[in-house]
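The structure under discussion appears below in the form of structure tokens.
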Amino acid sequence: MYQKVYESKATAPAPINLKPEVLIIGGGIVGITVARELAREGVQVVIAEKGETLGGGVRDLHFFYDRPAAVQKWLGDLIEVVEGAGNITVLKGAKLKRLDGQLGRFQALIRTSEGRERTLSPSAVVVATGCITRPAEAMSDGGRCIGSSEMEKLLAESRDLPVAWKGQPVKTVTFILDRTDDDIKIHTVNAIKLAVILQEKGCQVAVVARDLKVSASGMELLYRQARGKGVLFFKYDEPPVLSHSGDGISVEIPDMTVLRKEERETVSLLSDLVVIGETFAADPETQELCRVMKLRTGAGGALMEDNPQFLRVMSNRRGIFLAGACRFPQIIAESLSEAHAVVQEVKALLHGGVYTPVNPVAEVDPPKCAVCYTCVRLCPHAAIGVERYGDRNVYSAPAEKNGDTLWQAARVDPAACFGCGICVAECPARAITLYQ
Amino acid sequence: MTDENNHPVLIIGGGISGIVCALELYRLGVPVTLIEKEASLGGLAARFCCKASEACNKCFACVVDKKLKEISEQSQISQLTGAEITGVAGDQGSYKVSLAKAGKVSELEAAAIVVAAGIDPYEASGKGEYGYGVIKNVVTARDLEEMLRFQGKIYRPSDGKLPQNIAFIQCVGSRDESIGNLYCSQVCCAYALRLIRAIRHKYPEVNATFLYMDIQPAGASFHDFLNACREDKGIRFIRSLPSRVYHSPVTEDLRVRLADTERGEVVEEPFDMVVLSVGMVLKKEAKPLANLLGLGLNEEGFLASPAPGNGIFVTGACAGPKDIDRSITHAKSTAALVHNYLNGR
Amino acid sequence: MSTFEPKIVAFCCEQSGLPAAEMAKTLKLKIPDNLELVPVPCSGRIETLYLLKALESGADGVVVFACYEENCRYLQGNVRLKGRVGYAKQIMAKIGLEQERLEIFHVATNSGVKFSEFLMQKADQLRLLGPNLGKIA
Amino acid sequence: MIKAEQKPFEEILEYLAPYNKILLSGCGACVTVCHAGGEKEGALLASALRMARQKTGKPLEILESTPARQCEPEFAQELSDTIGRVQAVLSVSCGVGVQTLARHFPATQIFPGVNTLFMGETVEHGVWEERCQACGDCILEKTAGICPIARCAKQLLNGPCGGSANGKCEIKRETDCAWQLIYDRSKSLGQLHRLTEIIPAKQWGVQSRDSGPRRIVREDLKV
Numbered sequence: 015m016y017q018k019v020y021e022s023k024a025t026a027p028a029p030i031n032l033k034p035e036v037l038i039i040g041g042g043i044v045g046i047t048v049a050r051e052l053a054r055e056g057v058q059v060v061i062a063e064k065g066e067t068l069g070g071g072v073r074d075l076h077f078f079y080d081r082p083a084a085v086q087k088w089l090g091d092l093i094e095v096v097e098g099a100g101n102i103t104v105l106k107g108a109k110l111k112r113l114d115g116q117l118g119r120f121q122a123l124i125r126t127s128e129g130r131e132r133t134l135s136p137s138a139v140v141v142a143t144g145c146i147t148r149p150a151e152a153m154s155d156g157g158r159c160i161g162s163s164e165m166e167k168l169l170a171e172s173r174d175l176p177v178a179w180k181g182q183p184v185k186t187v188t189f190i191l192d193r194t195d196d197d198i199k200i201h202t203v204n205a206i207k208l209a210v211i212l213q214e215k216g217c218q219v220a221v222v223a224r225d226l227k228v229s230a231s232g233m234e235l236l237y238r239q240a241r242g243k244g245v246l247f248f249k250y251d252e253p254p255v256l257s258h259s260g261d262g263i264s265v266e267i268p269d270m271t272v273l274r275k276e277e278r279e280t281v282s283l284l285s286d287l288v289v290i291g292e293t294f295a296a297d298p299e300t301q302e303l304c305r306v307m308k309l310r311t312g313a314g315g316a317l318m319e320d321n322p323q324f325l326r327v328m329s330n331r332r333g334i335f336l337a338g339a340c341r342f343p344q345i346i347a348e349s350l351s352e353a354h355a356v357v358q359e360v361k362a363l364l365h366g367g368v369y370t371p372v373n374p375v376a377e378v379d380p381p382k383c384a385v386c387y388t389c390v391r392l393c394p395h396a397a398i399g400v401e402r403y404g405d406r407n408v409y410s411a412p413a414e415k416n417g418d419t420l421w422q423a424a425r426v427d428p429a430a431c432f433g434c435g436i437c438v439a440e441c442p443a444r445a446i447t448l449y450q
Numbered sequence: 654m655t656d657e658n659n660h661p662v663l664i665i666g667g668g669i670s671g672i673v674c675a676l677e678l679y680r681l682g683v684p685v686t687l688i689e690k691e692a693s694l695g696g697l698a699a700r701f702c703c704k705a706s707e708a709c710n711k712c713f714a715c716v717v718d719k720k721l722k723e724i725s726e727q728s729q730i731s732q733l734t735g736a737e738i739t740g741v742a743g744d745q746g747s748y749k750v751s752l753a754k755a756g757k758v759s760e761l762e763a764a765a766i767v768v769a770a771g772i773d774p775y776e777a778s779g780k781g782e783y784g785y786g787v788i789k790n791v792v793t794a795r796d797l798e799e800m801l802r803f804q805g806k807i808y809r810p811s812d813g814k815l816p817q818n819i820a821f822i823q824c825v826g827s828r829d830e831s832i833g834n835l836y837c838s839q840v841c842c843a844y845a846l847r848l849i850r851a852i853r854h855k856y857p858e859v860n861a862t863f864l865y866m867d868i869q870p871a872g873a874s875f876h877d878f879l880n881a882c883r884e885d886k887g888i889r890f891i892r893s894l895p896s897r898v899y900h901s902p903v904t905e906d907l908r909v910r911l912a913d914t915e916r917g918e919v920v921e922e923p924f925d926m927v928v929l930s931v932g933m934v935l936k937k938e939a940k941p942l943a944n945l946l947g948l949g950l951n952e953e954g955f956l957a958s959p960a961p962g963n964g965i966f967v968t969g970a971c972a973g974p975k976d977i978d979r980s981i982t983h984a985k986s987t988a989a990l991v992h993n994y995l996n997g998r
Numbered sequence: 033m034s035t036f037e038p039k040i041v042a043f044c045c046e047q048s049g050l051p052a053a054e055m056a057k058t059l060k061l062k063i064p065d066n067l068e069l070v071p072v073p074c075s076g077r078i079e080t081l082y083l084l085k086a087l088e089s090g091a092d093g094v095v096v097f098a099c100y101e102e103n104c105r106y107l108q109g110n111v112r113l114k115g116r117v118g119y120a121k122q123i124m125a126k127i128g129l130e131q132e133r134l135e136i137f138h139v140a141t142n143s144g145v146k147f148s149e150f151l152m153q154k155a156d157q158l159r160l161l162g163p164n165l166g167k168i169a
Numbered sequence: 026m027i028k029a030e031q032k033p034f035e036e037i038l039e040y041l042a043p044y045n046k047i048l049l050s051g052c053g054a055c056v057t058v059c060h061a062g063g064e065k066e067g068a069l070l071a072s073a074l075r076m077a078r079q080k081t082g083k084p085l086e087i088l089e090s091t092p093a094r095q096c097e098p099e100f101a102q103e104l105s106d107t108i109g110r111v112q113a114v115l116s117v118s119c120g121v122g123v124q125t126l127a128r129h130f131p132a133t134q135i136f137p138g139v140n141t142l143f144m145g146e147t148v149e150h151g152v153w154e155e156r157c158q159a160c161g162d163c164i165l166e167k168t169a170g171i172c173p174i175a176r177c178a179k180q181l182l183n184g185p186c187g188g189s190a191n192g193k194c195e196i197k198r199e200t201d202c203a204w205q206l207i208y209d210r211s212k213s214l215g216q217l218h219r220l221t222e223i224i225p226a227k228q229w230g231v232q233s234r235d236s237g238p239r240r241i242v243r244e245d246l247k248v
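In structure tokens:
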């Protein structure tokens with residue numbers, strides 16, 4: 015009997031109709047890119063943005079590292095397209111309060127900041143909620159130690175003028191990297207990008223880092239360019255020591271280019287400004303969103319662990335996709351690549367207008383179900399619920415729905431079932447069968 | 654079989670990017686022809702090994718085998734192996750591509766062409782100071798991958814014995830002005846550390862020394878993975894790229910000249926085996942192909958993205974270094990763009 | 033004892049174990065003679081009862097080829113399996129069956145060599161251990 | 026619901042020793058929900074018993090059946106054919122089910138396969154905890170819905186005792202002090218004043234067991 019993994023069934027699960035309607039949660043760069051692309055395909059798109067403006071974290075950026083265009087102009091044009099598109103609805107101050115149903119019959123309840131509620135029935139949901147940035151733990155008084163996005167703003171505002179901070183000219187700037195406990199390349203990319211601009215404006219810039227994370231297209235060249243322009247780079251094993259010194263900050267770091275430890279001199283970088291990259295962290299609201307959407311969270315409360323089988327953009331539930339910084343903070347080009355991959359997934363899902371389960375599907379035999387909730391708790395795809403069946407008689411219940419009686423049994427939604435068989439193996443009543 | 658002359662999309666290159674792009678376009682109902690120069694699909698990544706230790710280390714090599722199986726079961730996608738592009742005529746939306754297969758020349762029409770030409774591992778003998786190709790026990794990480802994949806073990810090429818003490822030299826062929834490769838290959842830190850962890854899991858007695866310039870991150874779980882590596886007593890991190898590898902022709906042992914930052918001196922340290930973490934260069938055959946298609950190279954020497962609108966797309970690592978994970982994402986996104994293009998958007 | 037060829041039932045996850053088995057076949061690697069492969073969609077499909085039933089109905093050893101942790105296509109399958117194998121081992125201890133007769137082995141799609149090596153080692157181990165005395169022939 | 030766990034295996038083996046054909050009867054209700062005696066656990070036990078007996082050279086044939094609820098006479102009757110074909114029955118239902126079978130099959134040995142432990146709730150998947158001891162005189166209205174009889178180690182009606190420290194019980198440090206829980210919940214409900222009321226000693230005599238099993242009789246329901 016141990017060989018019997020599947021049962022065969024004459025009738026295949028009914029195909030599920032999919033309307034071309036998609037809900038996108040989050041109106042950052044990933045959300046609006048997905049919206050624009052899907053809208054071009056004739057899909058009705060609703061963007062639920064929790065804030066009052068579109069653009070998300072990219073609103074803090076002003077310069078691309080790899081091209082001369084201005085980020086805000088580019089973003090503004092994109093937002094204009096999205097807000098002007100006939101088949102895109104943008105809900106602002108919007109939060110997802112409930113998500114019921116499964117692929118093809120999702121029911122989303124969204125509450126906007128004015129307290130209005132909207133019910134949507136999208137065929138697919140894209141989560142692009144991004145992440146939050148927190149000022150890095152810097153010097154306690156906050157003076158002369160600024161975040162990377164503040165430096166971007168400063169540079170964007172000063173344009174042709176020399177750089178000034180609080181009315182005082184800025185002559186020397188030091189970027190300190192790797193003070194936050196993560197391994198992402200955004201900080202290096204931003205620091206070198208800004209260092210080049212600052213140096214061009216006549217500042218003396220130093221970048222102090224443990225590792226220069228140049229694993230992005232064109233970054234090594236930019237790094238070279240920065241060195242060519244006179245930006246100083248220092249690497250450390252032990253974090254540099256910061257102290258106030260007159261009107262500036264002194265960043266002290268041993269000269270690691272000298273091999274012998276005892277011969278290393280301490281380099282003191284007197285800086286008008288010290289720039290420390292912000293910390294990127296999972297949005298605390300992600301937890302609540304995951305509860306509502308029955309999604310899994312991975313390390314640090316970000317969406318979804320780094321499982322190779324999910325090819326970046328899939329979630330544990332069919333019809334729900336993830337992209338961008340809600341999973342892992344990345345540089346714009348990489349986030350956009352994910353956004354287009356999500357577009358591809360949604361297009362492929364909606365292609366043909368129906369979803370036909372191809373994998374094996376689990377099915378509960380209602381009379382045998384003891385309603386112990388084992389399967390409901392263990393299904394990794396949130397595909398099982400306890401539903402009311404038509405006949406109250408436990409022992410001869412037909413497996414049809416008719417919401418007005420009390421007797422209940424578990425039911426696997428064939429649209430949401432991935433056919434893994436975990437529920438089959440766990441059911442203490444052996445009431446579930448995997449049909450092929 | 655559908656009419657082979659009537660496929661609107663031609664994908665050149667049957668590595669992971671080409672395969673994924675073909676599968677994705679097929680999902681959208683677009684007929685595809687996939688062309689591979691070698692006798693079988695899979696490309697470079699299909700020869701990598703699983704780098705799991707106690708748990709999966711997210712190297713994505715298993716996904717390649719999975720996709721390969723998926724496409725082999727997909728008779729609707731026309732797959733031409735052992736075929737080479739010899740000429741391209743026509744333009745925008747209507748290309749005539751000549752190809753040679755087993756000496757026979759045929760012609761295909763295509764509305765769009767996706768170039769997924771892939772990359773070559775850097776030819777390690779180009780860095781003569783490390784002695785690859787001359788010293789037996791200097792191998793590339795790619796050699797090591799194949800040892801693990803096809804033989805399930807690692808050994809010193811000279812005597813077949815298990816090396817006890819291995820040096821991994823990073824950035825071989827990457828970030829290197831002397832050979833003109835001014836880019837980071839983006840994958841080598843992660844694959845080398847994953848190989849080390851996999852080897853240390855199988856052979857806890859083997860020690861590894863990781864010689865590097867800067868550690869480059871790779872993905873969401875890399876931070877925890879790197880911390881685990883740093884805590885592993887059998888892995889020594891030294892921020893120094895060696896200047897030379899010497900060997901004793903008698904014992905076949907190696908000496909690596911490096912600046913030991915811990916001890917603060919330049920030393921010549923003995924190792925049983927040296928593994929060169931080779932970077933990526935654009936596939937040799939991609940350059941003539943680029944010429945045929947009128948594609949240029951970018952500053953890093955990879956294929957530049959063509960101007961939108963002429964129906965030629967570049968995807969995967971031939972557009973710039975990418976790991977398997979990001980190649981797949983890129984190929985997927987390319988499929989969406991190709992579909993847009995075909996629909997006149 | 034020399035003629036005893038242990039019967040091994042190998043449950044193979046279709047996401048990892050089965051492709052590994054196929055790779056072993058393609059590479060013409062050695063596998064034990066008396067081997068029964070049972071493909072399962074996910075190692076999470078394997079009931080504790082299946083493990084015992086395999087032993088009961090003639091297996092000298094049962095092996096589960098599952099995906100590495102954090103690489104399950106269905107997220108939790110291999111984790112649930114781990115618990116069940118632990119439970120089955122408790123039951124085996126009560127019956128007085130050797131713990132070596134049941135084992136999870138983690139593989140990936142490309143672990144054909146590991147697949148073969150492990151099974152050959154397992155067969156050797158079972159040969160030394162002798163037949164499963166609990167099986168009902 | 027009723028919570029139970031499987032009896033020690035050796036114990037079961039020992040009392041089944043004289044037989045070579047038995048019925049293993051599970052129950053589709055409480056013991057299924059607590060993974061002690063439903064179809065799955067029953068089959069596992071049966072398989073284990075068969076193998077253990079096979080090893081000793083004295084094979085045991087086991088028929089398996091899992092009625093929806095063993096504690097109802099009709100379900101018990103369903104088993105009569107099968108029971109006619111075996112020498113003994115191993116019932117993995119709660120103690121009630123075992124006795125139902127014993128009452129209906131006077132000539133057959135019925136052995137318990139599980140120890141019936143308590144009435145409890147699922148705290149999390151795989152963890153169950155006692156909540157009610159069926160004292161027959163409920164005082165939960167006075168104790169903010171938390172039963173000190175079931176949950177206080179000393180079954181104090183007016184607690185906590187002097188051993189309660191940092192919200193934990195002195196008998197077992199990892200257990201929450203029931204009276205701390207009662208206090209906290211009363212406070213959050215604004216019902217602290219209820220705790221100033223002394224709960225009188227229980228009238229154990231009202232629901233006494235000294236005259237045999239407690240019994241409920243609904244004259245209107247009788248047929």
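Taken in sequence, the protein lines are chains A, B, C and D. Here the numbering used here is used: the first residue of the first sequence is 15, the next is one more, and so on. Here the numbering used here is used: the first residue of the second sequence is 654, the next is one more, and so on. Here the numbering used here is used: the first residue of the third sequence is 33, the next is one more, and so on. Here the numbering used here is used: the first residue of the fourth sequence is 26, the next is one more, and so on. In this text, a Cβ means the ideal position worked out from N, Cα and C, and glycines have one as well.
The shortest CA-to-CA distance from B:E953 to any of A:A209, A:P380 and A:S231 is the one to A:S231.
Here C:G162 is exposed: its Cβ has fewer than 16 other Cβ atoms, across all protein chains shown, within 10 Å.
Around the beta carbon of B:H983, 16 or more other beta carbons sit within 10 angstroms, so the residue counts as buried.
For a cut-off of 8 angstroms, the C-beta gap from C:S75 to C:V96 is around 6 angstroms, short enough to register as a contact. Of A:V289, A:R193, A:V306 and A:V228, the smallest CA-CA separation from A:D251 is found for A:R193. At the C-beta level, D:E166 and D:E154 stay beyond 8 angstroms of one another. By a beta-carbon distance limit of 8 angstroms, B:V859 contacts B:I819. Their separation comes to about 7 angstroms.
The beta strand (DSSP E) runs of length 3 or more contained entirely in the segment 63-127 of chain C are, from start to end of the chain, 67-72 and 93-99. For C:L158, there are no neighbours in chain A by C-beta distance under 8 angstroms, as the nearest C-beta there is about 18 angstroms away. For the options A:P149, A:G314, A:E21 and A:I198, the alpha carbon positioned closest to that of A:V288 is the one of A:P149.
For B:M926, DSSP records a beta bridge to B:I819. Within the segment 277-310 of chain A, the runs of alpha helix (DSSP H) at least 4 residues long that lie entirely inside it are, in chain order, 299-307.
Here B:S670 is buried. Its C-beta has 16 or more other C-beta atoms within 10 Å.
For D:P173, the enclosing alpha helix (DSSP H) begins and ends at P173 to R176. Only P374 from the segment 365-383 of chain A bring a Cβ to less than 7 angstroms from some Cβ of chain C. In the three-state reduction of the DSSP assignment, D:S50 falls in the strand class. Within the segment 877-895 of chain B, the residues whose Cβ lies closer than 8 angstroms to some Cβ of chain A are D877, L879 and R892, listed in chain order.
If you check the CB distance, C:E132 and C:Q157 come in under 8 angstroms.
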